[in-house]
Amino acid sequence: MTSLVDAIPDPSVHYDEFDDVSQVEKFEISPEEYAKRNDTILAFKMRNKLGRFDDSIKANKAAPKPIDEAELIAKYPLGSRCEITSLSTESPLRGTLRFVGRVDFNEKQPFWIGVELDEPRGKNDGAVDGKRYFQCPPLRGIFLQPERVTIGNFPPLDPLEDEEI
């Protein structure tokens, strides 16, 4: 039979022994020295034109296509059925398009789409910061960027559709 004996009389004495990292010697290098080295990730990305060093990415970022309001309204007709792509919900959100256009609550991205959801999983009733953009019941309104909305024949989801009798 093997027995285990703790050789430290009171282990709680050493509980914070490794908390003070100010005594640990660290490798530090200035950004200028790091940029001069050839064996770094930065040098690798520069040589292979990856990330911010890729000229095609710079060209795409430099000239963002301006959104044309008339084109947006034509592409997203009011009253159309739609589905919302979202990473945070496990089931798709569906609803009816109620608003397409410029909003006051976001100056960086002024064009938004307002959707009246089939289920009360929204954030508002069609009004944001006291300004009404469209009318719907509470918690059935949501505003989204156009790229997250897909127009199509999306009937309302029936939660009992998959259940067996």
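Note that the working numbering gives residue 114 to position 19 of the sequence shown, counting from 1, and the numbers run on in steps of one. All residues carry an ideal CB built from backbone N, CA and C; glycine is no exception.
Residues of its chain near residue i, where Cβ-Cβ distance is below 8 Å and the 5 sequence neighbours each way are ignored
{"i": "Ile168", "result": "Val195, Gly196"}
{"i": "Asp220", "result": "Gln230, Cys231, Pro232, Pro233, Leu234, Arg235, Gly236"}
{"i": "Phe148", "result": "Lys140, Met141"}
{"i": "Ile152", "result": "Gly146"}
For residue i, the nearest candidate out of the options (CA to CA)
{"i": "Asp163", "options": "Phe206, Ile246, Lys131", "result": "Phe206"}
{"i": "Glu127", "options": "Gln240, Asp213, Leu137, Gly190", "result": "Leu137"}
{"i": "Pro172", "options": "Leu99, Pro241, Phe122", "result": "Pro241"}
{"i": "Thr245", "options": "Ala165, Gly190, Phe148", "result": "Gly190"}
{"i": "Gly60", "options": "Glu214, Phe148, Arg216, Thr180", "result": "For the chain, the structure presents residues 96 to 260; residue 60 sits outside this window and is missing."}
{"i": "Gln204", "options": "Leu239, Cys177, Asp224, Val223", "result": "Leu239"}
{"i": "Lys264", "options": "Arg147, Leu212, Asp199, Arg216", "result": "Nothing about residue 264 can be read from this structure; the chain reaches only from 96 to 260."}
{"i": "Arg216", "options": "Glu185, Glu202, Ser175", "result": "Glu185"}
{"i": "Ser175", "options": "Val119, Ser125, Ser117, Ile208", "result": "Ile208"}
{"i": "Asp253", "options": "Glu112, Asp213, Tyr228", "result": "Asp213"}
{"i": "Pro187", "options": "Val116, Arg243, Asp111", "result": "Arg243"}
{"i": "Phe249", "options": "Leu192, Cys177, Pro104, Lys218", "result": "Cys177"}
{"i": "Pro251", "options": "Glu211, Ser98, Asp224", "result": "Glu211"}
Residue(s) in a DSSP beta bridge with residue i
{"i": "Ile168", "result": "Per DSSP, none; premise fails for Ile168."}
{"i": "Val244", "result": "Ile179"}
{"i": "Asn143", "result": "DSSP, once it has assigned bridges, lists no residue as partnering Asn143."}
{"i": "Glu211", "result": "Thr191, Gly236"}
{"i": "Arg197", "result": "Phe206"}
{"i": "Ala222", "result": "Arg227"}
Same chain only: Cβ atoms within 7 Å of residue i, ignoring 5 sequence neighbours per side
{"i": "Tyr129", "result": "Thr135, Leu137"}
{"i": "Val100", "result": "none"}
{"i": "Lys131", "result": "none"}
Contacting residues, own chain, Cβ-Cβ under 6 Å from residue i (five flanking each side not counted)
{"i": "Tyr284", "result": "It is not possible to answer for residue 284, since the shown part of the chain is limited to 96 through 260."}
{"i": "Asp150", "result": "none"}
{"i": "Lys218", "result": "Ile237"}
| Within the region 99 to 136, ranges of the alpha helix (DSSP H) (whole runs, at least 4 residues) | If we require 4 residues or more, the alpha helix (DSSP H) runs fully inside the region 99 to 136 come out as 126 to 131.
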